[in-house]
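Take a look at the structure set out below.
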Amino acid sequence: MDPAGPDRNACRDVQTFEVFDALRRFLPADAVLRRNEPLDKRTTLRAGGPADIYFEPPTVEALQLALDLCARFNTPWTAIGRGSNLLIRDGGIRGLVLSLQQPAFSALEFDGERVEAGAGVRLKNLAVEARKRGLSGFEFLEGIPGSLGGALRMNAGAMGSWAFDVVDRVRFVDGEGRLRDEPASAMQARYRECPLLRGAIAVGAILHGHPDDADAIAHRMETNSRRRWETQPNQPSAGCIFKNPGPNLPAGRLIEELGLKGARVGAAMVSDVHANFIVNLGGAAAADVLALIEMVRDRALKERGVALETEVEILGEGPAS
Ligand SMILES: Cc1cc2nc3c(=O)[nH]c(=O)nc-3n(C[C@H](O)[C@H](O)[C@H](O)COP(=O)(O)OP(=O)(O)OC[C@H]3O[C@@H](n4cnc5c(N)ncnc54)[C@H](O)[C@@H]3O)c2cc1C
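Numbering (our numbering), first residue to last: -12 to 308.
This is the structure we're talking about:
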């Protein structure tokens, strides 16, 4: 064993708790700030370990303060949204986990074709509210179980549309704690990636739609929803595990051709409905899911020469040995 290991860990813990104590001093008593918070219930996969500190900032200023304290005490931080694209390892996440679940980040305001939305707004809510106002462009977001913040970071997409198709500007707090406001063109969004939000936290965005008949919008949403129900599993999952390796090679088809539908490690299983989903049959450990991911990657590489890249964000540490 590395003799420096335990000391290093003790030091890291002291710094993490300094951040906790400093935040506690500055925040109202009812602020959501917890130590050792289980995160499995905060992911759609229902697996993974706890956060050292879990914090829902009540304001943008509180978010900036938290990032400033993390920088000062050399403590890592991680943003999570609705946890629908996350695989958190069983040892949990060190440092501070931030989630924009408080009302300050859930504002949703419509002004003609313009929409101002907080990063904590649920995508389904955004799509439904836009439909009620006869505003089209958001239909594809209805079945994605995430928040706007996660959708911006991932440039979430479905049915041929991407999140950044409807984004005009993004407001975010950068790694130095500065509040910035950038046009979509500066955000460098591409397939399942917005690099400017790696190491930053989106707090809101200005979006745009276009007027259309509310019944026509509703019809498109129902069609999309039916297609999802027919082609995706309804057990807990983190959505698509792998990025499509090419425009004409969906990862799901490749995995199905490898005969891996139904393959299992513990209670994690490659879905028999859609092979690019790994489902939690009940009580799966993150380690089971990771082992299954490795098995699929290994077979894809050996048998098809394809190096599959994960779309799911893998965070945190393995369990302490
Ligand atoms: C059943 C199912 C179906 C799905 N279908 C689709 C689909 O059709 N298309 C698709 O693209 N995805 C799909 N997903 C994946 C997922 O829903 C999307 O990627 C979604 O945008 C993630 O949002 P989230 O709020 O859950 O983010 P999380 O999963 O919590 O986080 C995802 C990433 O975003 C970062 N993040 C979260 N909030 C912020 C923020 N405010 N600022 C900066 N970074 C942030 C996190 O650090 C992490 O890197 C599906 C998932 C499931 C479970």
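Idealized CB from N, CA, C, for every residue including glycine.
Residue i versus the options, residue with shortest Cα-Cα distance
i: GLY31; options: ALA16, GLU217, LEU268 and ARG156; result: Here residue 31 is Thr; the residue named in the question, Gly, does not match the sequence. Closest by alpha carbon: LEU268.
i: ASP8; options: GLU48, GLY136, GLY292 and PHE60; result: PHE60
i: ALA192; options: THR62, ILE131, PRO306 and ALA106; result: ALA106
i: PRO237; options: GLU100, VAL102 and GLU296; result: GLU296
i: ARG207; options: LEU83, ASP285, ALA117 and CYS181; result: ALA117
i: SER224; options: ALA94, ASP275 and ASP0; result: ASP275
i: ARG215; options: ALA145, MET174, THR62 and GLN175; result: ALA145
i: GLU209; options: PHE127, LEU113 and ARG286; result: PHE127
i: LEU50; options: ASP27, ASP202, LEU73 and VAL84; result: VAL84
i: GLU243; options: ALA205, ARG284 and SER86; result: ARG284
i: VAL266; options: VAL1, ALA34, LYS289 and LEU26; result: ALA34
i: GLY162; options: ILE301, CYS57 and GLY292; result: CYS57
i: VAL252; options: LEU241, LYS289, PHE264 and ILE280; result: ILE280
i: ARG29; options: VAL160, GLN219 and PRO132; result: PRO132
i: ALA287; options: GLU304, ALA250, LEU302 and LEU241; result: LEU241
i: ASN72; options: GLY249, ARG179 and GLY99; result: ARG179
i: LEU302; options: LEU10, PRO63, LEU52 and ALA53; result: PRO63
i: MET282; options: ASN235, GLY270, LEU245 and PRO306; result: LEU245
i: ASP202; options: PHE125, PRO234, LYS119 and ARG291; result: LYS119
i: ASP155; options: GLY164, ALA104 and ILE204; result: ALA104
i: PHE97; options: GLN89, PRO198 and ASN235; result: PRO198
i: ILE204; options: PHE125, GLY164, PRO234 and GLY270; result: PHE125
i: VAL293; options: GLY305, GLY270, GLU304 and GLY233; result: GLY233
i: GLY164; options: GLU304, LEU52 and GLY305; result: LEU52
Presumed contact (8 Å Cβ cut-off) between residue i and residue j, rounded CB distance
i: VAL260; j: LEU247; result: Incorrect: roughly 13 Å between the Cβ atoms, too far for contact.
i: ALA262; j: GLY239; result: 5 Å
i: VAL19; j: GLU43; result: 4 Å
i: GLU24; j: PRO37; result: 6 Å
i: LEU95; j: ASN112; result: 7 Å
i: ALA176; j: PHE151; result: 4 Å
Proximity of residue i and residue j at Cβ, strictly below 9 Å
i: SER148; j: GLY196; result: no
i: ALA278; j: ALA254; result: no
i: VAL153; j: ALA189; result: no
i: ASP39; j: THR3; result: yes
i: VAL115; j: GLU129; result: yes
i: ALA91; j: PRO45; result: yes
i: ARG21; j: TYR41; result: yes
i: ARG101; j: LEU194; result: yes
i: LEU110; j: ILE75; result: no
i: GLY121; j: ASP0; result: no
i: PRO220; j: PHE264; result: yes
Any non-hydrogen atom of ligand 1 closer than 8 Å to residue i Cβ
i: GLY144; result: yes
i: ARG33; result: no
i: GLY164; result: no
i: VAL47; result: no
i: GLU300; result: yes
i: CYS227; result: yes
i: ARG140; result: yes
i: THR65; result: yes
i: ILE80; result: no
i: ILE40; result: no
i: PHE125; result: no
i: LEU87; result: yes
i: GLY130; result: yes
i: ILE280; result: no
i: SER71; result: yes
i: GLN175; result: no
i: ALA187; result: yes
i: GLY68; result: yes
i: GLN51; result: no
i: VAL159; result: First, the residue type needs correcting, since residue 159 is Phe and not Val in the sequence shown. Indeed, a heavy atom of ligand 1 lies less than 8 Å from the Cβ.
i: GLY136; result: yes
i: ARG207; result: no
i: ALA262; result: no
i: SER212; result: no
i: GLN219; result: yes
For the region 161 to 173 against the region 77 to 91, are there 3 or more C-beta pairs whose distance is under 8 Å?
-> no
Three or more C-beta pairs closer than 8 Å, one from the region 174 to 192 and one from the region 131 to 147: is that the case here?
-> yes
Cβ pair count under 8 Å reaching 3, the region 64 to 75 against the region 129 to 137 = yes
With a cut-off of 8 Å, do at least 3 Cβ pairs link the region 283 to 299 to the region 223 to 235?
-> yes
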